[in-house]
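This note's numbering applies: residue 22 is where the sequence shown begins, and numbers increase by one.
All C-beta atoms in this analysis are idealised placements derived from N, C-alpha and C, irrespective of residue type, glycine included.
A short worksheet on the structure shown next.
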Amino acid sequence: RFWSWLCSWFENKYVVTVSYDTKFGNVDDKVYHGVRKIKKSTWKELVFITAEKKLVSVRSANGLHYRIEEE
Numbered sequence: 022r023f024w025s026w027l028c029s030w031f032e033n034k035y036v037v038t039v040s041y042d043t044k045f046g047n048v049d050d051k052v053y054h055g056v057r058k059i060k061k062s063t064w065k066e067l068v069f070i071t072a073e074k075k076l077v078s079v080r081s082a083n084g085l086h087y088r089i090e091e092e
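What follows is the structure, given as structure tokens:
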């Protein structure tokens, strides 16, 4: 238990906001909190691991608009 607490101090967590159109703040935005790791980030695909250790893959044929912020 102590070891996991200590490791949590050195582990970066991110907030990922994905927008399917060109504007952030619309109804279509999806926000993921506590993202542990970004596996792949290209202009058409974003793959990351959530806080629940689930693999999420987001794709778009027209290109994605996403924002990655550190928590």
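Close beta carbons around residue i, own chain, < 7 Å, minus the five adjacent residues each side
i            : result
aspartate 42 : Asp49
C-beta atoms of residue i and residue j nearer than 8 Å
i           : j          : result
lysine 61   : leucine 67 : yes
valine 36   : lysine 51  : no
arginine 80 : lysine 65  : yes
Identified DSSP bridge partners for residue i
i            : result
leucine 67   : Ser62, Val79
threonine 38 : Val52, Arg88
Cβ-based neighbour list, residue i, same chain, cut-off 6 Å, excluding 5 preceding and 5 following
i            : result
glutamate 90 : Val36
Neighbourhood of residue i by C-beta, 8 Å cutoff - its chain only, sequence neighbours within 5 removed
i            : result
histidine 86 : Val39, Ser40, Tyr41, Asp42, Thr43, Phe45
threonine 71 : Tyr53, Gly55, Val56, Arg57, Val77
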